[in-house]
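S.K.:
Spelled out as structure tokens, the structure:
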């Protein structure tokens, strides 16, 4: 859940704009990292990419030389390669709902609650 802290309409728009801008920035960097590694963009975990990029941006913001930003972004995309999701094997049994085991007798003919 996300709580907007702004009190006026204009500031709410500004806050939403910043959130959408950050979201698209993370998606763009993750997809460019995937393309550089020859993988599909949907193979990178968005959650971990977001956390990783946020921590790296904090480190980059303390750097004194803005001229090194392209090199840092290139190394950031290289470091994102650890976030690729492996293909999960298919289960050998189909999914099923397990019956709840209760100590109390269950009336199967009971009317549903209103």
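In the working numbering, the protein residues as written are 3 to 116.
Note that the Cβ used here is the ideal one computed from N, Cα and C, for glycine as well.
Can you give me the Cβ contacts of residue 33 inside the same chain, cut-off strictly under 6 Å, excluding the 5 residues immediately before and after it?
M.R.: Same-chain partners within the cutoff: 43.
S.K.: Return the bridge partner residues of residue 48 from the DSSP annotation.
M.R.: Per DSSP, none; premise fails for residue 48.
S.K.: List the residues that DSSP assigns as beta-bridge partners of residue 86.
M.R.: 46, per the DSSP bridge assignment.
S.K.: Within a Cβ cutoff of 6 Å, which residues of the same chain sit near residue 58, ignoring the five residues on either side of it in sequence?
M.R.: Here the set comprises 78.
S.K.: Going by DSSP in three states, residue 104 sits in which element: helix, strand or coil?
M.R.: It is coil, neither helix nor strand.
S.K.: Can you tell me whether residue 28 is buried or exposed, with buried defined as 16 or more other CB within 10 angstroms of its CB?
M.R.: Buried, because 16 or more other Cβ atoms sit within 10 Å of the Cβ of residue 28.
S.K.: Candidates 4, 61 and 55: which alpha carbon is nearest residue 26's?
M.R.: With distances taken between Cα atoms, residue 26 lies closest to 55.
S.K.: Excluding the 5 residues flanking residue 62 on each side, which residues of the same chain have their C-beta closer than 6 Å to its C-beta?
M.R.: 74, listed in sequence order.
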